[in-house]
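Encoded as structure tokens, the structure appears first; notes follow it.
Protein chains in written order, with our numbering: chain A, 225 to 939; chain B, 225 to 939.
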């Protein structure tokens with residue numbers, strides 16, 4: 225029942241493919257005076273774009289040393305793609321000319337649209353309309369174009385270095401200014417690219433459209449994103465899930481994590497920045513890896529572009545340095561990387577190949593004796609390779625930056641031997657450098673000559689990347705299992721006759737919950753004090769008496785809840801008090817609810833709230849200080865599976881409470897997850913009219929889970 | 225009363241200075257076959273060491289193309305420093321020869337000592353004895369020597385690159401294998417060095433001795449440490465405090481943060497690894513900056529070597545990229561960096577110099593129009609400079625890695641203009657690069673030619689460094705104030721007649737606390753039920769009755785505490801029960817304590833515990849889940865000031881509770897800090913016999929602070 229939003233519903237993936245793979249290009253508004261024009265032209269020429277590159281300038285003449293035509297209509301040869309650099313006021317007219325000339329794709333560099341305020345936004349809306357009517361696929365405006373490294377097509381408006389490493393990483397940036405830094409990093413981090421796209425204003429083609437293209441693109445194995453805001457959330461989730469199933473990791477640097485950051489992002493893009501906790505939930509649920517630096521973006525991309533999904537998170541580390549082992553051990557704990565002890569057989573094998581004074585523990589220091597015997601690292605790898613407790617092996621070895629007092633042939637010999645050994649290993653082996661230092665031209669030359677695969681950029685960022693890769697791998701394997709049939713997907717929508725803005729108080733909320741299999745504390749609805757006493761005696765003391773009105777949302781605030789009543793007199797008094805409190809608060813409908821008083825247990829708050837971007841969000845936390853002081857809650861965007869709910873509960877800082885810390889009764893996690901999942905499913909079935917649903921508290925004692933109060937509001 | 229421990233009490237700073245500044249050097253055990261020997265020799269020759277470099281090899285002949293003498297005694301010229309590379313078994317004898325030849329300092333490269341087990345440790349002890357007796361200053365054994373960049377003296381046993389940048393950063397490493405990576409980083413991070421020392425086994429000269437030397441060394445402004453373990457804690461604290469007062473920041477990467485890391489560090493060094501929380505406390509109290517990566521070590525060092533202490537933590541950021549602004553805003557919040565709004569005057573000035581469509585907010589994006597007008601960045605800096613809310617300005621500008629489609633003169637012009645503008649600014653200005661990318665030879669050439677100071681290595685690590693620098697600056701200014709006279713320093717030691725291992729139960733502990741000004745709940749010590757009732761009636765119900773024995777440490781575990789007693793019968797029953805519980809547990813001395821039952825408030829746990837390395841440590845946390853589930857506590861090594869105690873309380877995650885979250889009464893932080901500081905002062909006065917002192921709970925209601933129970937144990 226997922227509705228795919230799209231900014232351009234008729235934008236087929238074939239049209240997107242055509243945009244990124246033109247066979248002929250025209251620069252419209254080309255001029256020697258513009259650094260952008262010069263960059264586009266020289267990037268195309270330098271990358272040896274095989275098709276024609278034609279130029280248009282209303283004054284004609286010669287531009288960039290080549291004939292310029294005065295209009296698109298005059299071009300002697302066809303063009304697939306137009307690069308539009310004309311002044312803002314001329315863009316709309318130019319789009320008509322382009323369409324008339326049969327050009328189907330355009331990169332619009334020109335700025336002065338949505339990013340400059342209302343007037344610009346109106347102009348951009350007109351641009352979008354023309355593009356739709358004339359069926360032109362637009363990247364931009366206010367973007368720098370793209371670099372299709374795999375195909376050698378570089379229509380890009382900033383100077384490019386001579387060397388952009390070719391590889392399998394596709395990058396989509398919502399900030400054009402960061403692209404130069406990202407490109408330099410791809411070279412010196414040894415992270416080869418398939419495509420880099422600078423999105424600009426996304427008036428038509430959006431980041432999610434490009435993501436979809438990259439998921440389908442055979443040259444791309446890993447997708448990196450710099451995200452300011454997600455413009456079509458439903459499609460984002462759908463494409464992200466498809467990427468996960470296809471085994472293409474998505475790594476995202478999403479800004480606006482902090483309050484200040486969100487404000488800045490909003491100021492710069494003018495677009496909605498959602499609640500960051502919800503973004504985390506969406507990413508977690510769809511297997512998107514979230515990083516918080518450009519360095520982690522590139523290093524995680526670099527790692528994942530080389531490895532398939534990991535079989536597990538148990539690593540052996542083989543290093544030439546005790547100091548490195550210690551840093552690794554600390555970082556591994558930060559990142560959830562397991563470093564199991566070696567098996568006794570592995571230890572024996574290591575003792576055979578290492579000096580007597582070596583410590584044969586994981587992480588392993590083969591000792592400085594490596595300087596004397598340069599086979600030590602390889603021999604240690606061989607000894608560790610077949611340890612059954614190890615999924616992958618990380619080996620600290622790196623490319624020299626330049627030739628320091630050592631003949632190049634020494635490096636060639638060492639790296640060739642390592643490359644050959646790695647290739648023959650039965651388990652994934654990942655070379656890791658000590659710190660983040662550029663791979664230099666000298667190092668790249670050695671890679672070419674030796675087959676050495678390069679090393680991940682340093683312990684710090686490398687272990688972050690390994691942790692991300694291990695988490696992603698788990699999500700990947702999970703996604704390969706036959707889909708758990710989500711009952712909510714099959715269950716029919718529930719149609720309720722509610723008024724806009726209507727509120728269901730405890731009585732009606734509890735009835736709705738109970739009807740759909742969510743355990744609710746038994747409750748008698750009474751109109752007199754005698755009935756209240758009768759109900760209390762039926763259920764047994766102590767009891768709770770509450771105001772039963774649907775008109776009062778927060779009844780405890782007005783004295784409408786009386787707890788721990790131990791006898792008939794107390795119940796009578798409580799009945800009168802809550803009814804009186806209801807009347808004072810202006811309620812017409814003033815009955816009372818009598819319920820058994822539950823012994824103290826663990827109390828949860830379970831809520832469904834509608835996020836303006838992502839729809840219904842499930843929030844679960846422990847009551848009291850946990851939520852109020854520690855903001856300790858777990859979020860899921862609906863729909864959510866029972867397993868995800870359970871994992872979320874375990875991720876709470878308060879999770880130890882479930883196991884019975886503080887002398888409280890153990891809380892059965894499966895029982896809680898069952899009930900919470902049913903609440904989420906009910907939310908999905910209630911559909912778009914539901915604004916919020918809160919159970920507070922959901923009382924848990926062992927496997928007894930019961931809603932003690934609830935409130936539902938409707939849109 | 226601080227006792228300075230030293231591994232070599234007679235090691236004067238003059239002797240340490242001599243070790244690092246020799247005018248003549250002899251390589252003992254020099255041979256062409258050893259890569260270490262070749263490295264030492266070529267490093268000395270390549271760095272143009274002005275004094276004689278003589279060689280000793282028992283077989284004589286020619287080594288490294290130079291005459292080798294057969295013994296130290298034969299050397300024709302004097303030598304200040306011996307580099308010892310002879311086999312392990314020959315080291316002790318060689319030390320005697322060296323001493324006989326009048327050589328006063330030695331770097332011992334040879335391994336096979338403490339790091340290989342008991343036998344080696346015994347040998348190292350003999351080495352230390354000879355060195356003391358013969359007054360030779362030893363660096364090592366099992367170390368790679370040092371690099372005195374400032375003086376151009378490089379007795380170092382691994383190949384060095386041609387270029388080690390000269391500067392004001394002194395580095396001390398307890399891991400020799402990491403030195404090569406650190407040296408490469410110093411070059412490409414633009415972090416010039418004064419000295420780098422590879423410590424080895426620290427048999428005589430310890431890391432703290434070298435720290436002391438660097439604090440006194442005029443060439444060194446910042447000290448970087450890679451620490452596996454601190455061998456003489458008291459001296460470390462003393463030297464760290466001196467460095468803070470002198471305005472020389474110490475930045476430390478201390479491994480063993482995690483449980484796994486501590487185990488690995490212990491395995492590799494064989495030395496004690498203290499509780500990591502205590503290390504954090506020591507660092508915080510002495511102004512030592514703790515980092516968790518080699519990258520942050522270098523980048524923080526790089527930043528601090530260029531700036532003096534900051535005046536405050538309010539920064540303006542001037543950038544050419546909206547994307548960068550967003551990343552900066554997120555990272556600033558992580559690191560406690562403030563980015564205040566610009567004043568209206570600043571906004572006006574910015575509107576004058578920036579394009580209309582620019583957003584004149586902090587962090588500032590001057591827009592991509594910078595490509596057209598390259599004065600934009602400088603003009604924006606001028607507009608921001610005099611904003612009264614801004615302490616420092618960070619400007620995103622960086623060195624090009626190489627010449628990309630732009631003539632070098634364009635870079636020279638831009639960087640020269642920036643360098644000149646920065647130099648004339650009235651506030652500190654800090655250039656910042658987008659991401660961590662090496663400064664290349666091309667970039668270094670531009671720095672030489674333009675005076676451009678270089679840029680901090682990327683937003684991610686740069687903002688970590690800025691946050692550290694802001695924190696350190698606060699500690700620095702604090703340290704410049706006249707020292708708060710700590711009453712405990714003046715107060716006389718308290719001599720108590722206690723037996724080894726003696727335990728003070730609640731009665732005696734409470735008496736001792738009360739005697740020294742710590743408020744304790746009133747308590748009547750009673751021997752009969754009648755006395756108990758009398759006491760209860762005197763103090764008023766409800767009351768608490770507790771076992772009064774000094775022999776039972778955990779009286780509540782055996783049923784020795786009865787709370788909330790409301791009448792005489794309950795008190796009688798409680799008296800009999802606790803006395804019986806005491807007798808059953810084998811106590812001979814079984815009276816009872818009667819105390820008023822305090823209404824619920826906030827309950828703290830306050831403890832003094834003796835850390836084997838750092839001495840008495842004060843731990844304060846909130847009781848219940850805070851300590852048990854969340855491990856939320858604050859540590860201080862004694863002595864501690866009232867302000868530090870207060871800051872510690874505010875750093876608790878539970879700090880919101882003090883303000884009255886959850887409906888509890890507000891707790892007066894000053895009143896708590898007063899009492900806790902008095903406890904700490906008592907601890908200092910009780911001295912070395914005190915093993916632990918625990919107040920649990922310390923009850924707080926408003927400004928009423930009272931110990932409800934206490935236990936003291938003695939060494």
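Just so you know, even glycine gets a beta-carbon here, dropped at the ideal spot from N, CA and C.
request  = Please confirm whether residue 420 of chain B and residue 403 of chain B have their CB atoms less than 8 Å apart.
outcome  = Within the second chain, residue 420 of chain B is the residue found at index 196, counting from 1. Within the second chain, residue 403 of chain B is the residue found at index 179, counting from 1. Cβ atoms of residue 420 of chain B and residue 403 of chain B: closer than 8 Å.
key: Cβ neighbours of residue 808 of chain A in the same chain (closer than 8 Å, five flanking residues each side left out)   = Working through the first chain from its first residue, we reach residue 808 of chain A at position 584. Within the same chain, residue 808 of chain A has close Cβ partners 782.
ask   = Is there contact here, the stretch 374-381 of chain B with the stretch 625-634 of chain A, by at least three beta-carbon pairs under 8 Å?
value = The stretch 374-381 of chain B makes no contact with the stretch 625-634 of chain A, as fewer than three CB pairs between them are under 8 Å.
query = At a CB-CB cut-off below 7 Å, which residues of chain A make contact with residue 259 of chain B?
reply = Residue 259 of chain B sits at position 35 when you count from the first residue of the second chain. Under the 7 Å cutoff, chain A gives 595.
Reference residue 918 of chain B; option with closest CA among B/341, B/294, B/831 = In the second chain, the residue the question calls residue 918 of chain B occupies position 694. Cα-wise, what sits closest to residue 918 of chain B is B/831.
task = Report the rounded CA-to-CA distance for residue 935 of chain A versus residue 834 of chain A, giving the unit in angstroms.
result = On the first chain, residue 935 of chain A is found 711 positions in, with the first residue counted as 1. On the first chain, residue 834 of chain A is found 610 positions in, with the first residue counted as 1. Rounded to the nearest angstrom, the two C-alpha atoms are 14 Å apart.
task = Give me the Cα-Cα distance between residue 744 of chain B and residue 921 of chain B, rounded to the nearest whole angstrom.
result = Position 520 of the second chain, counting from 1, holds the residue named residue 744 of chain B. Position 697 of the second chain, counting from 1, holds the residue named residue 921 of chain B. Residue 744 of chain B and residue 921 of chain B: Cα-Cα distance of roughly 11 Å.
request  = Indicate whether the contact test is met: 3 or more Cβ pairs, each with one atom in the stretch 519-526 of chain B and one in the stretch 641-659 of chain B, closer than 8 Å.
outcome  = no
message = Is the separation between the beta-carbon of residue 385 of chain B and that of residue 407 of chain B shorter than 8 Å?
response = For this step, residue 385 of chain B is matched to residue 161 along the second chain. For this step, residue 407 of chain B is matched to residue 183 along the second chain. In contact: residue 385 of chain B and residue 407 of chain B (Cβ atoms closer than 8 Å).
message = Quick check on residue 496 of chain B: buried or exposed, where buried means 16 or more other Cβ atoms within 10 Å of its Cβ?
response = For the purposes of this step, residue 496 of chain B is taken as residue 272 along the second chain, with counting starting at 1. Any reading at residue 496 of chain B must be qualified, since the residue scores a pLDDT of 48, below 50, and its modelled position is unreliable; the value itself is stated next. When all chains shown are included, residue 496 of chain B counts as exposed.
request  = Note down the Cα distance separating residue 712 of chain B from residue 275 of chain B, rounded to an integer number of angstroms.
outcome  = As a first step, residue 712 of chain B is located in the second chain; it is residue number 488 there, counting from the start. As a first step, residue 275 of chain B is located in the second chain; it is residue number 51 there, counting from the start. Unreliable positioning characterises residue 712 of chain B in this predicted model, as indicated by a pLDDT of 49, which lies under 50. A coordinate reading is not provided.
ask   = Are the beta-carbon atoms of residue 816 of chain B and residue 770 of chain B separated by less than 8 Å?
value = Translated into positions along the second chain, residue 816 of chain B becomes position 592. Translated into positions along the second chain, residue 770 of chain B becomes position 546. Yes, Cβ-Cβ distance for residue 816 of chain B and residue 770 of chain B is below 8 Å.
key: Rounded separation between residue 228 of chain B and residue 698 of chain B - CA only   = Here residue 228 of chain B refers to the residue found at position 4 when the second chain is read from its first residue. Here residue 698 of chain B refers to the residue found at position 474 when the second chain is read from its first residue. Bear in mind that a pLDDT of 39 at residue 228 of chain B, under 50, signals an unreliable position, so the number given afterwards is only what the model happens to contain. Near 27 Å, if we compare the C-alpha coordinates of residue 698 of chain B and residue 228 of chain B.
query = So, using beta-carbon positions, are residue 841 of chain A and residue 505 of chain A closer together than 8 Å?
reply = Indexing the first chain from 1 puts residue 841 of chain A at position 617. Indexing the first chain from 1 puts residue 505 of chain A at position 281. Yes, the Cβ-Cβ distance between residue 841 of chain A and residue 505 of chain A is below 8 Å.
Minimum length 3: unbroken beta strand (DSSP E) runs contained in the stretch 680-765 of chain A = Counting only runs of 3 or more, we get 748-750.
inquiry  = Please state the DSSP three-state secondary structure of residue 563 of chain A.
reply    = Taking the first chain and counting its residues from 1, the one referred to as residue 563 of chain A is at position 339. In the structure shown, residue 563 of chain A sits in coil (DSSP, three-state: anything other than H, G, I, E or B).
query = Which stretch, first to last residue, makes up the alpha helix (DSSP H) that contains residue 292 of chain B?
reply = Along the second chain, one-based indexing puts residue 292 of chain B at 68. Not the alpha helix (DSSP H): residue 292 of chain B falls in the beta strand (DSSP E), residues 290-293.
message = Quick check for students: name the residue ranges of the beta strand (DSSP E) that lie wholly in the stretch 481-535 of chain B, counting only runs of 3 or more.
response = List check, beta strand (DSSP E) in window: 513-515.
Limits of the unbroken alpha helix (DSSP H) element including residue 603 of chain A = Along the first chain, one-based indexing puts residue 603 of chain A at 379. For residue 603 of chain A, the enclosing alpha helix (DSSP H) covers residues 600-608.
inquiry  = Using only CA atoms, which one of B/456, B/776, B/472, B/604 lies nearest to residue 443 of chain B?
reply    = As a first step, residue 443 of chain B must be located in the second chain, where it is residue number 219. Closest option to residue 443 of chain B, Cα to Cα, is B/472.
query = Taking the DSSP output, what are the residues bridged to residue 918 of chain A?
reply = What you label residue 918 of chain A is simply residue 694 of the first chain in a count that begins at 1. BP columns for residue 918 of chain A point to A/831, A/935.
inquiry  = Could you pull the DSSP bridge partners for residue 394 of chain B from this structure?
reply    = The count along the second chain starts at 1 and reaches residue 394 of chain B at position 170. In the DSSP output, where bridge partners are listed per residue, residue 394 of chain B has B/419, B/447.
message = On the DSSP bridge list, what partners appear for residue 819 of chain B?
response = Within the second chain, numbered from 1, the residue matching residue 819 of chain B stands at position 595. According to DSSP, residue 819 of chain B bridges with B/768.
query = Excluding the five sequence neighbours on either side, which residues of its own chain have a C-beta within less than 6 Å of the C-beta of residue 814 of chain B, listed in chain order?
reply = Here residue 814 of chain B refers to the residue found at position 590 when the second chain is read from its first residue. Excluding positions up to five away in sequence, the list reads 773, 803, 806, 807.
ask   = Quick one: what does DSSP say residue 779 of chain A is sitting in, helix, strand or coil?
value = As a first step, residue 779 of chain A must be located in the first chain, where it is residue number 555. Looking at residue 779 of chain A - three-state DSSP - the assignment turns out to be helix.
task = Could you tell me how far apart the beta carbons of residue 876 of chain A and residue 858 of chain A are, in whole angstroms, since I believe they sit closer than 8 Å?
result = Translated into positions along the first chain, residue 876 of chain A becomes position 652. Translated into positions along the first chain, residue 858 of chain A becomes position 634. The pair is a contact, with the Cβ atoms about 6 Å apart (cut-off 8 Å).
key: Alpha carbon of residue 593 of chain A to alpha carbon of residue 422 of chain B, nearest angstrom   = Locating residue 593 of chain A in the first chain gives position 369, where the first residue counts as 1. Locating residue 422 of chain B in the second chain gives position 198, where the first residue counts as 1. Straight through space, the alpha carbons of residue 422 of chain B and residue 593 of chain A are spaced by roughly 17 Å.
request  = Provide the residue span of the beta strand (DSSP E) that contains residue 860 of chain B, from first to last.
outcome  = Residue mapping note: residue 860 of chain B aligns to position 636 of the second chain, counting from 1. Note, residue 860 of chain B: beta strand (DSSP E), 857-861.
task = Rank A/356, A/704, A/894, A/722 by C-alpha distance to the C-alpha of residue 867 of chain A and give the top, closest one.
result = Translated into positions along the first chain, residue 867 of chain A becomes position 643. The option with the nearest alpha carbon to residue 867 of chain A is A/894.
key: Limits of the unbroken beta strand (DSSP E) element including residue 788 of chain A   = For the purposes of this step, residue 788 of chain A is taken as the residue at position 564 of the first chain. Looking at the DSSP string, the run of the beta strand (DSSP E) that includes residue 788 of chain A is 785-789.
message = Beta-carbon within less than 6 Å of residue 449 of chain B's beta-carbon, same chain only, minus the 5 sequence neighbours each way: which residues are those?
response = Residue mapping note: residue 449 of chain B aligns to position 225 of the second chain, counting from 1. Cβ within range, chain order: 396, 476.
key: residue 225 of chain A to residue 318 of chain A span [Cα, whole Å]   = As a first step, residue 225 of chain A is located in the first chain; it is residue number 1 there, counting from the start. As a first step, residue 318 of chain A is located in the first chain; it is residue number 94 there, counting from the start. For residue 225 of chain A, the predicted model reports a pLDDT of 32, less than 50, meaning its position is unreliable and no value from the coordinates is stated.
task = Mind checking the stretch 327-340 of chain B against chain A and listing, in chain order, the residues whose C-beta falls within less than 9 Å of any C-beta there?
result = 335, 336, 339, 340
ask   = Among residues of its own chain, excluding the 5 on either side of residue 553 of chain A, which ones have a beta-carbon nearer than 7 Å to its beta-carbon?
value = As a working note, residue 553 of chain A is residue 329 in the first chain. Only 563, 587 meet the Cβ criterion.
query = If we count Cβ pairs, one from each stretch, closer than 8 Å, do we get three or more for the stretch 925-935 of chain A versus the stretch 714-730 of chain A?
reply = yes
ask   = Hey, does residue 496 of chain A have any beta-carbon neighbour from chain B nearer than 8 Å?
value = By one-based count along the first chain, residue 496 of chain A stands at place 272. Note that residue 496 of chain A scores a pLDDT of 48, beneath 50, so its modelled location is shaky; the value from the coordinates is reported in the next line. Not closer than 8 Å to any Cβ of chain B, the Cβ of residue 496 of chain A fails to qualify, so no.
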